[in-house]
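Undergrad:
Protein chains: 2
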Amino acid sequence: MKNVPLAIDVVEAKASRIDSVDFENLIFGNVFADHMMECDFKDGQWQNPVIKPYGPIQLDPSAKVFHYGQAIFEGMKAFKDDEDQVWLFRPEANIERFNISSKRLAIPEFPKEVFLEGLKTLLNLDRDWIKKGFGNSLYIRPFVIATEPGVSASPSKTYKFMIICSPAKAYYSGEVRVFFADKYSRAADGGVGYAKAAGNYGAQFYPTNLAKEQGYQQIVWTDASTHEYLEEAGTMNIFFRVGEKLLTAPTSDRILDGVTRRSVIALAEEYNIPVEVRRVKVAEIVEAAKKGELKEIFGAGTAATINPVKGFGNKGEKFELQDQEDSYATFFKKKLMEIQYNKAEDKFGWRMLVEKD
Amino acid sequence: MKNVPLAIDVVEAKASRIDSVDFENLIFGNVFADHMMECDFKDGQWQNPVIKPYGPIQLDPSAKVFHYGQAIFEGMKAFKDDEDQVWLFRPEANIERFNISSKRLAIPEFPKEVFLEGLKTLLNLDRDWIKKGFGNSLYIRPFVIATEPGVSASPSKTYKFMIICSPAKAYYSGEVRVFFADKYSRAADGGVGYAKAAGNYGAQFYPTNLAKEQGYQQIVWTDASTHEYLEEAGTMNIFFRVGEKLLTAPTSDRILDGVTRRSVIALAEEYNIPVEVRRVKVAEIVEAAKKGELKEIFGAGTAATINPVKGFGNKGEKFELQDQEDSYATFFKKKLMEIQYNKAEDKFGWRMLVEKD
Ligand SMILES: Cc1ncc(COP(=O)(O)O)c(C=O)c1O
Ligand SMILES: Cc1ncc(COP(=O)(O)O)c(C=O)c1O
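Protein chains in written order, with numbering that gives the first Met the number 0: chain U, 0 to 356; chain S, 0 to 356.
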């Protein structure tokens with residue numbers, strides 16, 4: 000597609016659904032903006048993308064996505080500042096990861112320029128769906144599914160790329176307590192854990208349900224071989240604050256290289272918060288908790304930005320964390336949001352303006 | 000659904016597509032019989048199943064199957080004997096495994112009686128699609144997909160169960176050489192490897208493509224932690240014959256409990272072929288090959304029944320296997336097919352007749 004001029008067909012919705020939406024009471028990921036982007040892969044290449052009214056898609060029941068989970072996705076957000084300008088946060092990192100995920104799932108990579116141009120056109124059409132105010136955003140969900148009909152386990156020859164968008168309020172899911180995995184696991188060495196592969200998520204639902212029955216909202220996954228090292232949560236990377244020090248696991252082929260995680264590490268360095276990226280033992284966190292040295296645990300991910308954790312469970316033992324006056328979680332969340340909403344200088348060049356058409 | 004009387008709606012196709020199908024030149028899994036079974040789960044229960052003409056389904060682009068791979072499937076076959084009777088092979092084993100897979104993916108289990116009654120009704124409608132003759136069969140693909148719209152990573156509240164059927168010729172995929180995995184892996188301890196979860200299959204496409212570039216058609220997966228033990232192939236369990244002895248890995252939470260595998264083990268015992276179900280070391284197979292003691296490798300799975308392997312690669316070394324006059328692979332394939340096609344006594348009670356309506 001490199002040398003093909005970009006032609007994005009736009010079919011505008013006849014009427015907007017926006018007036019039927021209660022923006023004060025949004026449930027995360029449940030309502031979708033008026034338009035979506037669609038681009039099909041066939042005959043060995045991506046065809047011309049189309050932006051059109053949000054609506055259902057039709058597939059053969061034997062489409063490979065249904066049978067072989069050949070599908071990947073991304074999650075990113077657009078923010079509106081006080082001047083009605085719309086901003087993306089590090090979109091190039093998401094596009095890069097989108098193609099890393101695609102490669103691992105044997106899905107053809109999607110051209111970066113088409114992705115970004117299409118997304119900007121889409122956001123301009125649905126500008127009104129992005130509400131001003133700290134915490135409001137438009138959650139953006141790009142994804143690719145394998146569409147070829149046929150029940151033999153081999154890569155599809157056709158795919159559908161889509162971007163759909165969902166308005167979101169500040170993510171607050173109540174107090175979060177996490178369970179350290181000691182039996183189930185999320186990813187294998189040499190597997191697809193580092194990719195946003197669809198199958199990684201469905202595989203977590205059952206163990207997470209079991210954890211919920213024990214009073215935990217999320218699982219912190221540990222390495223599958225020994226369960227001795229803490230890795231990441233379902234849709235967040237995890238940070239531990241022991242004393243003044245911040246700890247987080249290095250990325251690997253089991254762990255998603257989160258954009259929020261990377262941003263937290265950069266901010267920590269900027270603000271002289273000591274941060275160690277290294278394997279984190281379950282045992283050391285439990286010991287720190289017992290000694291009163293474990294000050295905070297928080298998750299970092301696009302949906303919640305920073306999600307403080309109130310307590311954790313490990314092999315039958317339960318631990319509660321005290322609120323911190325000088326909370327790192329609160330600090331990073333504020334710093335990130337100030338950049339995202341164009342309220343602070345953007346030293347790192349993380350913001351990208353979505354120019355009006 | 001236990002106490003609800005079974006009401007299967009049947010909508011017959013106006014015209015059959017069967018005359019347009021070239022049964023001599025079928026590609027596996029590419030053509031579908033006239034009818035399909037569909038059953039939706041909503042409001043906490045499975046609704047009345049419908050059998051209707053094969054055709055596309057419509058889903059919201061945010062349906063959870065696309066994003067979170069919450070989907071499982073089965074693979075089974077129907078056979079026609081010389082008297083035009085139609086037989087299933089151990090269908091209860093597949094239905095049981097279907098629900099084991101469902102449970103692991105947090106999908107509601109499907110009632111066994113509805114599954115079996117629906118399948119039989121479907122097969123009766125599409126009887127003509129099952130051709131007589133050794134090797135011909137109707138491949139049956141039951142599956143469930145998560146249909147609830149919404150891009151938040153949590154179990155779906157609605158599902159679609161379907162059965163689609165594809166006529167198949169004797170499976171012959173050319174000479175098969177396999178590669179012993181030494182970097183990539185298929186499943187983690189505590190993961191979903193033992194389930195027919197959609198995501199398990201898409202995750203194998205990329206490493207399998209790499210193996211293909213090296214001249215191997217399939218990968219034999221090894222344990223993810225050490226790569227020292229041989230586990231199973233993409234859609235087959237694997238047997239090794241060393242001298243007169245047959246070796247195969249025990250099932251575990253990483254390995255699918257194959258119906259064909261179980262049947263081979265039962266036949267081996269019946270016919271006094273020494274069989275050891277135990278962890279099989281890569282090193283011992285390589286050593287046996289070097290000593291000339293490795294007589295055969297074969298895969299066991301529904302699609303191919305028994306798939307002899309011509310050679311294998313391990314860390315840069317290539318090995319070829321000699322054809323055996325008294326091949327176990329040939330023996331088991333014959334024994335299994337005789338039972339499947341009602342040409343031999345069915346000591347184990349594996350055949351199930353599909354009575355004409
Ligand atoms: C498994 C997993 N880990 C971590 C994250 C956080 O990544 P990011 O900060 O890029 O959203 C996500 C969500 O995207 C995820 O799915
Ligand atoms: C991963 C895997 N292993 C083994 C098998 C063989 O199982 P069965 O003999 O029940 O078809 C299959 C296919 O069903 C499979 O998908």
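Just so it is clear, CB atoms sit at the ideal spot from N, CA and C, and this is done for glycine as well.
Take Thr259 (chain U) and list the residues in its own chain whose beta-carbon comes closer than 8 Å to its own, dropping the five residues that flank it on each side.
TA: Same-chain partners within the cutoff: Met235, Asn236, Ala299, Gly300, Thr301, Thr304, Ile305, Leu335.
Undergrad: Can you tell me whether Gly74 (chain U) sits near ligand 4, meaning its C-beta is under 6 Å from at least one heavy atom of the ligand?
TA: Of the ligands this structure carries, namely ligand 1 and ligand 2, none is ligand 4.
Undergrad: Go ahead and pull the three-state DSSP assignment for Asn306 (chain S).
TA: The answer is strand: DSSP assigns Asn306 (chain S) an E or B state.
Undergrad: I'd like the span of the beta strand (DSSP E) that includes Thr247 (chain U), first residue to last.
TA: First-last of the beta strand (DSSP E) with Thr247 (chain U): 244–247.
Undergrad: Roughly how many angstroms lie between the CA atoms of Arg176 (chain S) and Asn313 (chain S), to the nearest whole one?
TA: Straight-line Cα distance between these residues: approximately 11 Å.
Undergrad: Classify Phe133 (chain S) as buried or exposed, calling it buried when 16 or more other Cβ atoms lie within 10 Å of its own Cβ.
TA: When all chains shown are included, Phe133 (chain S) counts as exposed.
Undergrad: Verify the CB distance criterion: does Lys41 (chain U) have a CB-CB separation below 7 Å to chain S?
TA: With 7 Å as the cut-off, Lys41 (chain U) does not count as an interface residue toward chain S.
Undergrad: Answer with yes or no whether the minimum CB distance from Ile305 (chain S) to chain U is below 7 Å.
TA: No, no contact with chain U.
Undergrad: At the 7 Å Cβ level, is Ser136 (chain U) part of the contact set with chain S, yes or no?
TA: Cβ-Cβ to chain S under 7 Å: no for Ser136 (chain U).
Undergrad: Where does Asn2 (chain S) sit, in a helix, a strand or coil, going by DSSP?
TA: Caution applies to Asn2 (chain S), whose pLDDT of 45 falls short of 50 and renders its modelled position unreliable; the value that the coordinates give is listed next. It is coil, neither helix nor strand.
Undergrad: Beta-carbon within less than 6 Å of Ile294 (chain U)'s beta-carbon, same chain only, minus the 5 sequence neighbours each way: which residues are those?
TA: In the sequence under discussion, the amino acid at residue 294 (chain U) is Lys, which differs from the Ile named in the question. If we look at Lys294 (chain U) and ignore the five residues flanking it on each side, its Cβ neighbours are Arg240, Gln323.
Undergrad: Please go through the same chain and pick out, in chain order, the residues whose beta-carbon is closer than 8 Å to the beta-carbon of Ile129 (chain S), but skip the five residues on each side of it.
TA: Contacts found: Ala77, Phe78, Lys79, Val85, Leu122, Asn135, Ser136, Leu137, Pro166.
Undergrad: Could you tell me whether the stretch 25–37 of chain S touches the stretch 99–111 of chain S, using the rule of 3 or more Cβ pairs below 8 Å?
TA: No contact exists between the stretch 25–37 of chain S and the stretch 99–111 of chain S.
Undergrad: Got a sec: which bits of the stretch 152–186 of chain S sit with their beta carbon under 8 Å from any beta carbon on chain U, in order along the chain?
TA: Per Cβ criterion, the list reads Ala152, Ser153, Pro154, Met161, Ile163, Ser165, Ala180, Lys182, Tyr183, Ser184, Arg185, Ala186.
Undergrad: Can you name, in chain order, every residue of its own chain whose Cβ lies under 6 Å from the Cβ of Pro107 (chain U), other than the five neighbours on each side?
TA: So the list reads Phe40, once near-sequence residues are dropped.
Undergrad: Indicate, with yes or no, if ligand 2 has a heavy atom lying under 6 Å from the CB of Asn236 (chain S).
TA: Under cutoff, so the answer is yes.
Undergrad: Evaluate Asn271 (chain U) with the Cβ neighbour count: other Cβ atoms within 10 Å of its Cβ, from every protein chain shown; 16 or more gives buried, anything less gives exposed.
TA: The residue in question, Asn271 (chain U), is exposed, as its Cβ has fewer than 16 Cβ neighbours within 10 Å.
Undergrad: Any beta carbon of chain S sitting closer than 7 Å to that of Ile56 (chain U)?
TA: Ile56 (chain U) counts as touching chain S.
Undergrad: At a Cβ threshold of 7 Å, is Gly300 (chain S) touching chain U?
TA: So, not an interface residue.
Undergrad: Counting only beta-carbon atoms, is Asp188 (chain U) nearer than 7 Å to chain S?
TA: Yes, contact with chain S.
Undergrad: Look at Leu104 (chain S) and Gly233 (chain U) and say whether their C-beta atoms are less than 7 Å apart.
TA: Cβ atoms of Leu104 (chain S) and Gly233 (chain U): not closer than 7 Å.
Undergrad: Sorry if obvious, but does the Cβ on Thr259 (chain U) come closer than 6 Å to a heavy atom of ligand 1?
TA: Result yes, Cβ under 6 Å from ligand 1.
Undergrad: Is the beta carbon of Ile162 (chain U) closer than 7 Å to that of Met36 (chain U)?
TA: Yes, these two residues count as a Cβ contact at 7 Å.
Undergrad: Using only the alpha-carbon positions, how far apart do Asp345 (chain U) and Gly74 (chain U) sit?
TA: When rounded, the distance between both Cα atoms is 21 Å.
Undergrad: Along chain U, in chain order, which residues have C-beta atoms closer than 8 Å to that of His66 (chain S)?
TA: The contacting residues are Ala70, Phe72, Arg140, Phe142, Ala197, Tyr200.
Undergrad: So which residues of chain U does Asn208 (chain S) contact, with C-beta pairs closer than 8 Å?
TA: Near Asn208 (chain S) (Cβ distances below 8 Å), the residues of chain U are Ala105, Pro154.
Undergrad: With Ala210 (chain U) as the anchor, note down where its alpha helix (DSSP H) starts and where it stops.
TA: Where Ala210 (chain U) is concerned, the enclosing alpha helix (DSSP H) stretches over 197–212.
Undergrad: Looking at chain U, which residues of the stretch 208–225 of chain S have a Cβ within less than 8 Å of any of its Cβ atoms?
TA: Listed in sequence order: Asn208, Ala223, Ser224.
Undergrad: From Glu319 (chain S) to Ala288 (chain S), what distance separates their C-alpha atoms?
TA: Taking the straight line from one Cα to the other gives about 9 Å.
Undergrad: Under DSSP, the alpha helix (DSSP H) around Ile99 (chain U) begins and ends at which residues?
TA: Start and end: 90–103.
Undergrad: Short check: CB of Tyr228 (chain S) to CB of Phe178 (chain S), under 7 Å?
TA: No. Outside cutoff.
Undergrad: Anything in chain S within Cβ reach of Asp59 (chain U), meaning under 7 Å, just list it in chain order.
TA: By Cβ distance, chain S contributes Pro55.
Undergrad: Spatial neighbours of Glu230 (chain U) within its chain, please: CB distance less than 7 Å, with the 5 preceding and 5 following residues excluded, ordered by chain position.
TA: Closer than 7 Å at the Cβ level, and outside the excluded window around Glu230 (chain U), lie Trp220, Thr221, Asp222, Ala248, Arg253, Ile254.
Undergrad: Could you pull out every unbroken beta strand (DSSP E) segment of at least 3 residues lying fully inside the stretch 287–356 of chain U, listed in chain order?
TA: Runs of the beta strand (DSSP E) inside the stretch 287–356 of chain U: 293–300, 304–308, 310–313, 316–319, 350–353.
Undergrad: Cα separation between Lys156 (chain S) and Gly43 (chain S)?
TA: Lys156 (chain S) and Gly43 (chain S): Cα-Cα distance of roughly 8 Å.
Undergrad: How is Leu87 (chain U) classed by DSSP in three states: helix, strand or coil?
TA: Looking at Leu87 (chain U) - three-state DSSP - the assignment turns out to be strand.
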